[in-house]
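Participant: Here the working numbering is used: the first residue of the sequence shown is 11, the next is one more, and so on.
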Amino acid sequence: MFQGYTQGTIDFLWSLRFNNDRGWFMAHKEEFLDLVDRPTRALAQQLTGEMTEAFPKLGLELKVSRIYRDARRLFGRGPYKDHLWFSLRRPGEHDGSIPCFWFEVAPDHYGYGMGCWEMPPVTLAKLRARIDRDPKPVEKLARAVKRRGEFQMDGREYKRPKGDPGPLLWSWYNCRQISFSCEQNCEGIFFTPDLAAQVLEGWKSLVPQYQFLCSLPGDPEPFQM
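(1) At the level of alpha carbons, what is the spacing between A135 and L216?
(2) Short of 8 Å in beta carbon distance, which residues of its chain neighbour R138, apart from the five on each side in sequence? Order them along the chain.
(3) With H, G and I counted as helix, E and B as strand and the rest as coil, what does DSSP make of P230?
(4) Can you tell me where the alpha helix (DSSP H) with C224 in it begins and where it stops?
(5) Does DSSP put L210 in a helix, a strand or coil?
(6) Using 10 angstroms around the beta-carbon of R99, count the other beta-carbons present and answer buried if the total reaches 16, otherwise exposed.
(7) Would you call the region 28-35 and the region 186-196 touching, i.e. three or more CB-CB distances under 8 Å?
(8) Excluding the 5 residues preceding and the 5 following L24 in the sequence, name in chain order all residues of the same chain whose CB lies nearer than 6 Å to its CB.
(9) Determine the direct distance from the alpha carbon of E41 to that of W127, and round the result to whole angstroms.
(10) For Y78, does the three-state DSSP call read helix, strand or coil?
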């Protein structure tokens, strides 16, 4: 069971950010495993079990990121990430094109939420078509997120807006990605087992939005909450 992160988790990730080379990392690899990797995997396993128990029909699958950057995409950066994340998603070849629940720990924050970052243009077109046809179901989803107050909707907007459905649905209509995120400082609950419950309740609140995003690639049937 997840027992919480420690100050050592933050200290290690800050040190990695400023000593991002193989020699330093290999000399401190056991610290990485003890302070970052193992607690993150414990949290991931616990949340996977609890989400699967609560929503077995979602068919979620756990994916934990590697600390190593893709050697083909270093772009002048060091070979290691200074953060670690995991996600729960349905199996798929193109992971970025399907929505997922995610958690990330970094030196200066932790975050969690749900989103889809590489939405195909046809999927975004279906989203706009649904809003044009009947905006009320999407408005209900947007109001639920706003009322809870935990998550911010973010995503890159088109340079030229696709239309104006009103302020409530502006981002839904004019973003290239649909993502809901909560970012917090590494303090308080971060150091306790209660972090798992916080993330779980946040994810549960986003299940209707997740199901809606999953419905878009299929036939544009009216979405039922």
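No residue lacks a Cβ here, since even glycine has one placed at the ideal position from N, Cα and C.
Facilitator: Let me spell this out:
(1) 22 Å
(2) K172, G173, Y183
(3) With a pLDDT of only 48 at P230, under 50, the local geometry of the prediction cannot be trusted, and no value is derived from it.
(4) 217-225
(5) helix
(6) buried
(7) no
(8) Position check: residue 24 holds Trp in this sequence, whereas Leu was assumed. For W24, where only same-chain residues beyond five positions count, the Cβ hits under 6 Å are P117.
(9) 32 Å
(10) strand
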